[in-house]
Amino acid sequence: MGLLENNFDAGTIELTGTNLIEASAGTGKTYSIAILALRLVLEKGIPLPEILMVTFTKAAVAELHERVRLFLKQAQQSIQGILIKDETIVELVKRAEEQFGADVVKRRLHEANLLLDELSVITIHSFCQQTLREFAFETNQLFGAEMVADIEDVLNNEVNEFWRRYITTLDVEILENLGVQTLRADLKAIVKEHLEGKRYAAYDEETNYSVASLTVEGLQAFQISLQESSLELEASLRQVFDVHKEALTAICNESKSTVKKRYIPCLDDAMAFINLIWSEKASNKLTEAFPVAFMTEIEKAKFAFVRLNAQPDFFFKEQLNCFAIQEIGGKVHDYMVRNNFLGYNDLIGNLHKALTEKPNPALVTALQHKYKAVFVDEFQDTDREQYEIFKAAFFTNTILFLIGDPKQSIYAWRKADIHTYFQARNDVQRRFDMNVNFRSSTPLIEAMNDFFLPSDDFDTFSFPDKANRISYTTVQSPEDNKKGVLLYDEVVDSPVSLFSTDKKETAMYGVALQIQALLTDEKYLIATNGQTRRIKPSDIGILVRKNSDSIGVKNYLSQKGIPAIVMDDKRIFASQEAKDLLSLLEAIYEPTFSSINKALLNSFTGFVIDDILKLDEEKILAYFQEYKNIWQYNGVYPALTRFLKDFNLRERLMNNHAVQGQRVISNLIQLMELLNQSVHVGSLNQEELIIWFKRGVNGMRVSGDEYQTRMESDEEAVKIVTIHKSKGLEYPVVFAPFLDLKTTNSKHLFQKFRNPETGEYMVRETRLMTDEEISWNETQLEQENRRLIYVAVTRAVYKCFVYTINNGHYKNSSLKPFVAALKIRKSPLIEMDDMPFPEVMPYRPDDMVYENKTLYPQRFSLTHPNWYKMSYTGLSFSGKHLRKDRTDEFEDDYDRFVFNKLRFGAASGNLLHKILEEVDFQNTGFWENRIERALKEFNPNRLEEFAPSLFQLVDNVVNVPIAFGNYVFSLNKVHQHRRISELEFDFPVDGLQTGLLYAIVHKAYPISIRSFEQASLEGIMNGKVDLFFEYNGRYYILDWKSNYLGYKPEDYNEENVKAAMDEHNYHLQYLIYTVAVKKYLSARLPDFDYEKQFGGVIYLFLRGIRKDSSNGVFTARPGLKLIEKIESLLNSNIVH
1 MGLLENNFDA GTIELTGTNL IEASAGTGKT YSIAILALRL VLEKGIPLPE ILMVTFTKAA
61 VAELHERVRL FLKQAQQSIQ GILIKDETIV ELVKRAEEQF GADVVKRRLH EANLLLDELS
121 VITIHSFCQQ TLREFAFETN QLFGAEMVAD IEDVLNNEVN EFWRRYITTL DVEILENLGV
181 QTLRADLKAI VKEHLEGKRY AAYDEETNYS VASLTVEGLQ AFQISLQESS LELEASLRQV
241 FDVHKEALTA ICNESKSTVK KRYIPCLDDA MAFINLIWSE KASNKLTEAF PVAFMTEIEK
301 AKFAFVRLNA QPDFFFKEQL NCFAIQEIGG KVHDYMVRNN FLGYNDLIGN LHKALTEKPN
361 PALVTALQHK YKAVFVDEFQ DTDREQYEIF KAAFFTNTIL FLIGDPKQSI YAWRKADIHT
421 YFQARNDVQR RFDMNVNFRS STPLIEAMND FFLPSDDFDT FSFPDKANRI SYTTVQSPED
481 NKKGVLLYDE VVDSPVSLFS TDKKETAMYG VALQIQALLT DEKYLIATNG QTRRIKPSDI
541 GILVRKNSDS IGVKNYLSQK GIPAIVMDDK RIFASQEAKD LLSLLEAIYE PTFSSINKAL
601 LNSFTGFVID DILKLDEEKI LAYFQEYKNI WQYNGVYPAL TRFLKDFNLR ERLMNNHAVQ
661 GQRVISNLIQ LMELLNQSVH VGSLNQEELI IWFKRGVNGM RVSGDEYQTR MESDEEAVKI
721 VTIHKSKGLE YPVVFAPFLD LKTTNSKHLF QKFRNPETGE YMVRETRLMT DEEISWNETQ
781 LEQENRRLIY VAVTRAVYKC FVYTINNGHY KNSSLKPFVA ALKIRKSPLI EMDDMPFPEV
841 MPYRPDDMVY ENKTLYPQRF SLTHPNWYKM SYTGLSFSGK HLRKDRTDEF EDDYDRFVFN
901 KLRFGAASGN LLHKILEEVD FQNTGFWENR IERALKEFNP NRLEEFAPSL FQLVDNVVNV
961 PIAFGNYVFS LNKVHQHRRI SELEFDFPVD GLQTGLLYAI VHKAYPISIR SFEQASLEGI
1021 MNGKVDLFFE YNGRYYILDW KSNYLGYKPE DYNEENVKAA MDEHNYHLQY LIYTVAVKKY
1081 LSARLPDFDY EKQFGGVIYL FLRGIRKDSS NGVFTARPGL KLIEKIESLL NSNIVH
C-alpha cells in the first residue's frame, strides 16, 4: 500500500512518481489540481500540451479547464507586477522566480498562456478516442474509424429483426410462458447491459444457443424436476420444524400476543405453520420470540421456494435471453466492425486491449513522450479497464496524480468499481488525504462529523473488511472559516435537523412547509462577514434519489406559490406540451371544428370542455385559418407566436403556479424553436414538419443537448436535483427527504451486481438469484446507499434537513443505523424530533426575492438600417417555373424510381444530399450503410424498396463524365480527404449596388436580381457550397440538384439543363460562390492563381445523370476579370 502522508499541501508536495489523493467533499479538489498544474509549468518547465487531465463529465472538463486557465493568467499577471488576490499563486511565482530566475519563469508562463487552447482537459472516452486515432498503427486500429455516440438505432434494428425471425414463429404455448407484453423490451435491456460489460449471469460464451431448444416438451420435463425439488425442500423444512416444535409450542402457549390464536391450530401441520410465518407482512412479538436458528432456516427456504416457483416462468426466458445475446449482440458487433464504427465501450475496450493484452512498448513510449504529467480526476468513478489503461501507460516515467473520494463513489450502475480504487491505493507510491472542508460552515462541519461518526466503532460505510474499506475521517474547518452561519432568532440554528414521520407523502408536505417557513419567517437569517440577509429560494436544494420523487415535492411547492425547478435530462419530446403542440399543429394544418377543439384541450390553454362549448366557433375557426396562412407564408414560429398572443398564454402561464406555468411556457417556447430550426435545416414543408414532429413525439431517437428539457428559469427558484447530479454542487440549505434507501427491490425484474470473486459486473433475474448472489447484491447496495447519504448531506453549506420514515417498509433502510446511533450519541449539533408542522405565513415573493414578469418587445431602431444577412436566395429573383409533363410510362425500374417514386420537393433533395455528402466516391463498400442511414432518417418506410435504386443513383453520379472542354474526369477520382461537404461561408459586404451588379453580370450571364428600396446594401453574404473539392491541383465547386426536368433521361440534355440554369437563376448562385471560394483560397494558399488553380463550377441534375452519357451535367468556368469586378462591387477582402 502506498505510503500515507497526511499533510497534503498542493503548494509543497513533491511533483514526482505515482500519487493518490483522497479528497473529501468540499476540500477544494479542483483548486488543488489547478495549483499542481501551475507548479508543473513553473517548477518542472513542462509545456502545457504535455499535461493530460482526464475526468468523467463534460461539466467537470469545463470547470477544470477554466480553473487552470485562470491560474496561469493570474500567475502571469503576478510576475508582471499586477496585484492578484490569491496568495498561494503569488507565493508559487515568487518561489519559482527565486529558484529559476525571472526570465525563465516569464518565458514559461508566456508560452503556457499562448498554448492554453492546447491544454488537454478531456473525458476518459475522448482520451481513448484521441489515442486510438493518433496511434492507430500502435493500437492495431483501422484508419478512419467513425465514433458513434449512440448505438440505439442499430440495437433497435437488430432486436426487431430477431423478433421477426425467431419470436413470431414460436409455439403459442411458449409465447404465453414468455409473456409477450414486455418481452421485446426485456430482450433489448438484457442485450444492452451485456454489450455494456455487465454479463448476463446465465450466459456462457462457449455454448452455442439455439431457438430450437425452446419446446413444450422441454418445459414439461423441467416442471416435473421442479416438483421433485419442491418435495425435497418441503421434507427438509418438516425436519427443521420437528427439531424446534417443542420450543415453538411453548412460546405460542405462553405468549400474551393475540396473534397466537392463528398459530396454535397449525402446530400439528409443519407447512401450514411455516406458510403462516411467510404470509406475515411484518414481524410481530410472537414471531420475534421464535428461535433464531429456526427463523433463519425458514427464511432461507422461503427464497428457495420463490426461486423454484419462478423457474418455470423463466425457463424459456433464460434460454431466449442467452440466444438473443448471442444473435443480437453478434449482429451489432458485426455491423460496427463492417462499417468501421466505434461505440463508447469500444473506445475503452480497444485501448485496454492494446495496452494490456500483451506488452506494447511502442504505444507506452509514444504516450509517455506525449504526456509528461497526468491527472485523473474523479478517480473513484473508474472501472477496472479504465484503471488498467492508466496503470499500463503512465505508472512509469510519468508524474501521475489520481484524485478522488471513495466516499463519493455512487456510479456502480455504470461499473464504477470501488475495489479498483482499493487496488490503486495499494499500487501507488504515495497517498494523501484532503480533510479541510472549505465548503461548509464550522457548525455544520462539526455536525457532519457527529452524523457520520456517532461513535468510534461506527462502520459508516458498511465495510467490515479491515484491509480494504472506506472509513470516515474527521473533517476539519479552516482556521479562518468565513462562510458564516444560519441564524434563527439571532441564535445559530441546529446545523442538522433529523425529522421523523410515518409516510413518504407526509415528508414531501413537510419539506414544502419547512421551506415556506424558511422563506417567510424573518427570524431565519444567513450571517456572513458581519452582515445578514434573508433566505432566498435559490439558496435551497432538495436532493432526491429518483427523478420521479421530484414530482410530489414540486407539486406541494407549487401549491404554495414557491418557485421550484427540476434539474434533470428529460427529453423535450417526451413532455405533455410536445403532445399537445402536435395536436395544435395538426389543427392549424387542417382546421376543422373537431381538430380545433381537440387542440385547445391542452396543457397550456388550460381549457376544459365547458370552456370549449362557450367559444365562438366561427371566430376560432377564422383564427386557425389565419394561423395556417401565417405558417405558410411567414413560418411556423410566427404562427405559434400569434396563437400565444391571441390566447394571452404567456402572461397567464407565467403567473400560474398551480399548473407550473413557467415550466409549461418554457417547454412550449423550446419546442417552437426546435420546430423553426428543423424547418430551416431540413427545408420542410408543413406536412413534412408534422411528420418529423410526430416521429419525435412517438419516440424518434434524437441526440444533442438541444433536445433536453431546459430549466424553466435561471432566476430565484428552489432547485430539485437527484443525488447523482448534485455531485460537485452546493446549496446553503439542503433538504434530503428520501434517504431511507433500501437494499432490496423485488419489483425490479433484474438486479445488477459485482461478483467479488471474479470482479465481473453481472445482471440476473431477481427471482432467480442464488443466496450468494443476493448477499453480494445487498452488501453492495448497502455500501452504495451509505455513500449516497454522504454525498447528499455534504452538499450543504449551512444546514441540512434529513427526513426518516418510520414504518415497516423502511425499517431496515440504510439510514436507520445512523438514526439509531445518533439517538445514543445525542449530539447538541443535531436536532432529532418528530417532523414539525410550523405555522407559516403565505409566501408572497417581493422584489427582494422573486418576480414573475412578462417581458414585452421594446421599440428600437438599427444603427445601420441597410444592414442585411444576404444570400443568393435573398438577392435572386426567379421567374415563374414551367410545369413539366408527367407520365406513367418508363423504360426501366430505375427510370420509374427517379422520375416517379422519388417524390419531388425538399424531402427528396435532403435525402440525396445526405447520401452524397457521406459516401466515399472511391469505396463502394460503405455505400449501402450510408444509404440505409439516410433512408432511416428521411424515409424509413421505403428503406428496402429505395435502397437498391439509390445505390444505382450514386453509382451513376460518381462515374458520370464531367467535361471542361477537352479535360474530362469523374468523381470516382476524388479522394475522400480532398473534399469538403457543405462548405459554409460568410464575408462582409459594404455598399453593394444591386443595379450595378446586374448591369455587369447580365452582359455575360442571363441573371435576375431583386430590386431593393435602398440605394446600397451592407452586411454579410452567406451561403453553403454543396461540395468543394480538389482534383489534380484544381479546386471545384459542385452543386447537387434534384430538380425535375422531365420523365426520361433525354429531357436532361445540354439544352434543357442550360434552360433550367437560366430559369432558376443558378448563374447568380455560382458566381457568388466563386467569389467566396476565391477569397477562401486566397486567404489559405500562398500565391493562389485563379487561372491555374480554380477548376470551375459543376451542377449535377441527379435525376437525369447516367454514367454512360453527359446528360444532367452543367459546367462553367467564370472568367477572372468578371469575378474580380463582382468582388470589387461587394467591396471586401475578408472571408471567415
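Using UniProt numbering, the first residue of the sequence shown is number 1, and each one after it goes up by one.
For every residue, glycine included, the Cβ atom is placed at its ideal position computed from N, Cα and C.
Asked                                                                                                                                                                               : Found
What residues are listed by DSSP as bridge partners for residue 567?                                                                                                                : 721
Quick one: give me the first and last residue of the beta strand (DSSP E) that residue 45 is part of.                                                                               : First-last for residue 45: undefined, no H or E at that position.
With H, G and I counted as helix, E and B as strand and the rest as coil, what does DSSP make of residue 1095?                                                                      : strand
On a Cα-Cα basis, can you pick out the residue from 935, 1068 and 1059 that is closest to residue 999?                                                                              : 1068
Pull the bridge partners of residue 968 from the DSSP assignment, please.                                                                                                           : 963
Going by C-alpha distance, which of 491, 459, 564 and 720 is nearest residue 816?                                                                                                   : 459
Answer with yes or no whether the minimum CB distance from residue 475 to chain C is below 9 Å.                                                                                     : In summary, chain C is missing from the structure at hand, where a single protein chain is found.
Please classify residue 227 as buried or exposed, where buried requires at least 16 neighbouring CB atoms within 10 angstroms.                                                      : exposed
For residue 913, count neighbouring C-beta atoms within 10 Å of its own C-beta (all shown protein chains included) and say buried if the count is 16 or more, exposed if not.       : buried
I think residue 439 touches residue 730, with their Cβ atoms under 8 Å apart; what is that distance to the nearest whole Å?                                                         : 5 Å
Under three-state DSSP, which class holds residue 799?                                                                                                                              : strand
Strictly by DSSP, which residues pair up with residue 18?                                                                                                                           : 400
Have a look at residue 403 and residue 234 and give me their C-alpha separation to the nearest angstrom.                                                                            : 54 Å
Cα separation between residue 1090 and residue 938?                                                                                                                                 : 39 Å
Note down the Cα distance separating residue 849 from residue 538, rounded to an integer number of angstroms.                                                                       : Here the model assigns residue 849 a pLDDT of 43, short of 50, so the residue's position is not dependable and the matter cannot be decided.
Quick one: measure Cβ to Cβ for residue 461 and residue 787, integer angstroms, because I've assumed they're closer than 8 Å.                                                       : 6 Å
What does residue 55 pair with, by DSSP beta-bridge criteria?                                                                                                                       : 123
Give the DSSP-derived three-state secondary structure of residue 256 in the structure shown.                                                                                        : coil
What residue does the alpha helix (DSSP H) around residue 270 start on, and which one ends it?                                                                                      : 270 to 279
Between which two residues does the alpha helix (DSSP H) carrying residue 201 extend?                                                                                               : Unbroken run through residue 201: none, as it is neither H nor E.
Comparing alpha-carbon positions, which option in 774, 581 and 501 lies nearest residue 739?                                                                                        : 501
Tell me, to the nearest whole angstrom, how far the beta carbon of residue 38 is from that of residue 71; I am working on the premise that it is less than 8 Å.                     : 5 Å
Which term fits residue 756, buried or exposed, when burial requires 16 or more other beta carbons within 10 angstroms of its beta carbon?                                          : exposed
Does the region 946 to 966 come close enough to the region 1080 to 1090 to have 3 or more Cβ pairs within less than 8 Å?                                                            : no
On a CA-only basis, which of 1044, 1047 and 1039 is nearest residue 1096? Give me that one, please.                                                                                 : 1039
Does the pairing of the region 760 to 775 with the region 804 to 814 give three or more beta-carbon distances under 8 Å?                                                            : no
What's the call for residue 803, buried or exposed, on a 16-neighbour Cβ count within 10 Å?                                                                                         : buried
To the nearest angstrom, how far is it from the Cα of residue 619 to the Cα of residue 837?                                                                                         : 51 Å
Taking all protein chains shown into account, do 16 or more other C-beta atoms lie within 10 angstroms of the C-beta of residue 553, making it buried, or fewer, making it exposed? : buried
Please report the straight-line C-alpha distance between residue 270 and residue 316, rounded to a whole angstrom.                                                                  : 33 Å
Could you check where the alpha helix (DSSP H) with residue 413 kicks off and where it finishes?                                                                                    : From DSSP, residue 413 is part of no alpha helix (DSSP H); its letter is neither H nor E.
Considering just the uninterrupted stretch of the alpha helix (DSSP H) at residue 94, what are its terminal residues?                                                               : 87 to 100
Evaluate the contact criterion for the region 375 to 388 versus the region 146 to 156: three or more CB pairs, one atom per stretch, below 8 Å.                                     : no
Could you say if the region 8 to 20 and the region 390 to 405 meet the contact criterion of at least three C-beta pairs nearer than 8 Å?                                            : yes
For residue 137, count the other beta carbons within 10 Å of its own beta carbon; 16 or more makes it buried, fewer makes it exposed. Which is it?                                  : exposed
Exposed or buried, residue 239, counting other C-beta atoms within 10 Å across all chains shown (16 or more means buried)?                                                          : exposed
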